[in-house]
Structures are given as structure tokens and as C-alpha cells.
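The structure appears right after this line, and notes come after that.
Residue numbers (our numbering): 1112 to 1291.
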């Protein structure tokens, strides 16, 4: 689980070093260790190819090590925004959408019910992109709504509405799998 509290600690450490606008290699590694898998899942909400999503995330982290990159005060929101932009560029630059193998789900269902996991994945794919990205950031990445708003550049109330509408749609799709 990628807890938001760890992210805040990293941000506090950076803020304590006044004027420091570069992340060290250790800080980049820490950020990757905490958020890498969630960022790949987030990138997958824009590009359907798992390898392309991993490439997007790796490219963003390589850029973070570049001396030209100046980090804002909230690195996590910056990284999510960078992954979003890079994934959209990859999609726009001609990545062919390849159908996912239904046996290779992106998300693992803890209960072992493959049918429910595949239904969840299909339901996520059917959500509007804006709603899907907020759900992935919030649930799988553990970001707060405020962090999701910073990452997407959308107002907090808009992000909260997208999240609420998405959850309503997902609940409806997954109703047959709920234990009453």
C-alpha cells in the first residue's frame, strides 16, 4: 500500500531544505519504491499496453534525475502529472491499442474471484477517463483528493465529484458480486 503519510514525510524533508529544487537519487528511488507500481497502473488507464505504461513511468523517473528538472514543493503530485502527460503523449503519438488478454488482469482481486476482478477491470475501462484516473489515484495509489487535484490540475470539488460518480458506477457494475 502506498500511504499518503509517507509522501508527506518526504515533502516535509524537502521543504526543510530551503531552496533545494532538485531531488537526490535516493529521493527519486524512494519516490519510485513508494509509487512505482501505482504509477504504472495509473499510466495503464491511458495506454492499454503494459510495457508502454512501464516505459512511461521509467522515462518520467529518468527525467527526475536530470539536472534541468526543478521539483515543485509536492513531488508526488508533480510525478503523477508528469506520468499523465507522458502517457497521453504516448497514446497521441500512435501507440496502437491492443486488446488486453482477459486472463492477464491489471488489478489483482484479493478474494481470488477472477470473474469479479475482470468485471472490475472492464468497469474501470468503461468509466470516462477523468473519473478513471481519479479512482486509480485515490484507491490504488492512496493519494488524497487534494493530491489528485494537484496532479490533474482540476479543482478539488471537481475531483471529488468525479470520484463520487465513478464509485457509484463501479458499485452498480459490481452489485452481482457483493455479499449481502
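In this text, a Cβ means the ideal position worked out from N, Cα and C, and glycines have one as well.
Sub-8 Å separation of residue 1164 and residue 1154 beta-carbons: In contact: residue 1164 and residue 1154 (Cβ atoms closer than 8 Å).
Buried or exposed by the 16-neighbour rule on C-beta atoms within 10 Å, applied to residue 1253: Under this definition residue 1253 is a buried residue.
Residue 1176 beta carbon less than 8 Å from that of residue 1234: Contact: no.
Residue 1160, DSSP secondary structure in three states: Coil at residue 1160, not helix or strand.
Beta carbon of residue 1245 nearer than 8 Å to that of residue 1197: Cβ distance not < 8 Å, so residue 1245 and residue 1197 don't count as in contact.
Coarse secondary structure for residue 1182, derived from DSSP in three states: Reduced to three states, the DSSP call for residue 1182 is coil.
Integer-rounded CB distance, given that residue 1186 should sit under 8 Å from residue 1142: So it is a contact: roughly 6 Å between Cβ atoms.
As assigned by DSSP and simplified to three states, the class of residue 1204: Here residue 1204 sits in coil by DSSP.
Distance between beta carbons of residue 1156 and residue 1247, contact taken as under 8 Å: The Cβ separation is near 5 Å, so the contact holds.
Status (buried if at least 16 other CB within 10 Å, exposed otherwise) for residue 1269: A residue is called buried once 16 or more other Cβ atoms fall within 10 Å of its Cβ, and residue 1269, having fewer, is exposed.
Buried versus exposed, by CB contacts within 10 Å (16 or more), residue 1226: Its Cβ having fewer than 16 others within 10 Å, residue 1226 is exposed.
CB-CB length for residue 1192 against residue 1264, believed under 8 Å: Contact flag correct, Cβ pair sits at about 7 Å.
Buried versus exposed call for residue 1214 [16 or more other C-beta atoms within 10 Å across all chains shown]: The pLDDT assigned to residue 1214 is 42, lower than 50, so where the model puts this residue is not dependable; a value taken from the coordinates is nonetheless given after this. Per the 10 Å Cβ criterion, exposed.
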